[in-house]
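In the UniProt record's numbering, the protein residues as written are 1 to 340. Have a look at the structure below, then the notes.
Here it is as structure tokens:
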């Protein structure tokens, strides 16, 4: 398959495209004239399928592909197109392709200040998926515990007992519990977070917020951890108290201690920058085990989903994980249309 699709990103953008000009006598879409390419690819796939299946020459092509477990040439090209469109969105801000997909602004004349029409296949493919903030290509990050399993190999029930016992001994330190939520209400998708800040088992502050719907609970966990830490830093006198980030998501803990993932990278980098300045530690607090702070953060995230607020800052932008889900749904829809 890789040999058959080699270089498809350079010539395939779909069966149709928008015309270069918007004249009234033109149709809304025009053909990309790739029928010959599709025919050649399908012939190659058919020959390969007949070589491994005991099928007659009159056996229908669609049934041959189904029995061989092969997609059609069009579906393979659509998959390659969506992979490349996703790649265009998740490359770092200094990547050469980042400048290639940027659409220029009309400098003067009619329509000045607006965006020009895309003039290349790369620019048109860059419009398939929502634009996300460009992540930064940075050196590997290593911190205390970056190679240690946050759970320490302990079951959730036992870890919850140990955590509660430890938390009862915290008299001066500030603990920040955060949680994320992803819910659907009346057909709408809400991605929210909540956090609760404690000192000596006394709740001193709470907060909650929403993210762009084109994100996931992983992003909400990361953003909630940073927003809670940011709030705690403003409350606690600098250098006098230790701050504990109590997080129930081991994936988020890995990202804070080690290399920041692409999705919601900004939140992880903010946490790492704060940890380099203040006395901040990260601890795993098992979720849904009756831990007071976890339950409070979970209730705040659920309450935000029922009465969502407007996302602000970087949280208002789509995330890499959300865009990946959109690309996957587009691919599944293309496959279903072919079988229908």
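Positions of the beta carbon are idealized from the N, C-alpha and C atoms, including for glycine. Note that this is a predicted model, so its numbers are computed, not measured.
- When only Cα atoms are considered, residue 192 and residue 75 end up about 35 Å apart.
- In the assembly as shown, residue 226 is a buried residue. Its beta-carbon has 16 or more other beta-carbons within 10 Å.
- Look at the UniProt domain "RNase H type-1" (170-306) and you find these whole runs of beta strand (DSSP E), each 3 residues long or longer: 174-185, 188-199, 202-210, 243-247, 280-284.
- Residue pairing of residue 31 in beta bridges, as defined by DSSP: 16.
- Going by DSSP, residue 125 is part of the alpha helix (DSSP H) stretching over 121-125.
- A straight line joining the alpha-carbon of residue 267 with that of residue 223 spans about 6 Å.
- Counted as a single uninterrupted DSSP element, the alpha helix (DSSP H) harbouring residue 67 occupies residues 61-68.
- Rounded to whole angstroms, residue 110 and residue 117 show a C-alpha spacing of 14 Å.
- In the three-state reduction of the DSSP assignment, residue 323 falls in the helix class, which pools H, G and I.
- Exclusion of the five residues before and after residue 106 leaves 112, 114, 116 as the residues of its chain whose Cβ lies within less than 6 Å of its Cβ.
- Within the model, the alpha-carbon separation for residue 101 versus residue 89 is close to 9 Å.
- Inter-segment contact for the segment 297-309 and the segment 27-35 is absent: fewer than three beta-carbon pairs are separated by less than 8 Å.
- Excluding five sequence positions before and after residue 124, the CB atoms of its chain that fall closer than 6 Å to its own CB belong to 13, 118, given in chain order.
- With at least 16 other beta carbons inside 10 angstroms of its own, residue 219 counts as buried.
- Its chain contains 225, 226, 229, 256 as the residues whose beta carbon lies nearer than 7 Å to that of residue 271, once the 5 sequence neighbours on both sides are disregarded; these appear in chain order.
- Boundaries of the alpha helix (DSSP H) harbouring residue 83: 73-90, taken from the DSSP string.
- When DSSP states are grouped into helix, strand and coil, residue 115 belongs to the strand group.
- In this structure, residue 243 keeps its C-beta atom at 7 Å or more from the C-beta atom of residue 206.
- In the DSSP assignment, residue 136 falls outside any alpha helix (DSSP H), carrying neither H nor E.
- For residue 156, the enclosing alpha helix (DSSP H) stretches over residues 156-167.
- With the rule of 3 Cβ pairs closer than 8 Å, the segment 295-306 counts as touching the segment 168-188.
- A contact is defined here as three or more CB-CB pairs under 8 Å, and the segment 194-211 fails this definition with respect to the segment 142-161.
- Shortest Cα-Cα distance from residue 149 to any of 296, 284, 11 involves 284.
- For residue 96, the enclosing alpha helix (DSSP H) has its first and last residue at 96-100.
- Here residue 142 has 258 as same chain residues with Cβ atoms under 8 Å from its own Cβ, once five neighbours each way along the sequence are excluded.
- Excluding its 5 nearest sequence neighbours in each direction, residue 216 has C-beta neighbours in its own chain below 8 Å: 182, 191, 263, 319, 321, 322, 325, listed in chain order.
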